[in-house]
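Numbering (our numbering), first residue to last: 10 to 128.
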């Protein structure tokens with residue numbers, strides 16, 4: 010089964026989630042994870058994003074900066090956030106940080122992913 014792998018430019022954990030939420034609320038222009046910024050709002054996961062994820066048959070995995078050392082496909086030159094598509098033989102970077110940081114809405118992200126994946 011194919012897998013979508015999302016890697017956020019944020020740390021995992023409840024405390025970090027609160028700090029990220031605060032940062033997005035009080036200084037959104039300086040928040041460093043646009044993937045987080047467009048897929049989460051002040052109430053949690055954006056409902057349109059949740060619906061999109063639930064509609065896809067492929068596996069979805071989410072990692073944070075404190076997980077990347079355990080990922081054999083990550084190299085130092087790959088900037089975060091990013092999205093990979095993994096199949097039985099390869100793991101391919103399908104959206105890099107530059108592409109993700111240009112997006113201004115979850116709709117744009119969903120459209121882009123729909124064009125890139127075949128589930």
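Virtual Cβ for every residue (Gly too), placed ideally from N, Cα, C.
Interface flag, residue i vs chain C, CB-CB below 7 Å
| i | result |
| --- | --- |
| residue 127 | As a matter of chain content, chain C is missing from the structure shown, which is built from one protein chain. |
Residues that DSSP places opposite residue i in a beta bridge
| i | result |
| --- | --- |
| residue 50 | 53 |
Residue environment, residue i, which counts as buried when at least 16 other CB atoms sit within 10 Å
| i | result |
| --- | --- |
| residue 43 | buried |
| residue 15 | buried |
| residue 52 | exposed |
The alpha helix (DSSP H) enclosing residue i, as first and last residue numbers
| i | result |
| --- | --- |
| residue 87 | Neither: residue 87 is in no alpha helix (DSSP H) and is coded neither H nor E. |
| residue 111 | 106-111 |
| residue 119 | 115-125 |
Nearest-angstrom Cα separation, counted from residue j out to residue i
| i | j | result |
| --- | --- | --- |
| residue 71 | residue 106 | 15 Å |
For residue i, the first and last residue of its enclosing beta strand (DSSP E)
| i | result |
| --- | --- |
| residue 73 | It is not in any beta strand (DSSP E) - residue 73 carries neither H nor E in the DSSP assignment. |
| residue 13 | 12-16 |
Evaluate the contact criterion for the region 54-63 versus the region 74-82: three or more CB pairs, one atom per stretch, below 8 Å. Here the region 54-63 makes no contact with the region 74-82; the two share fewer than three CB pairs at distances below 8 Å.
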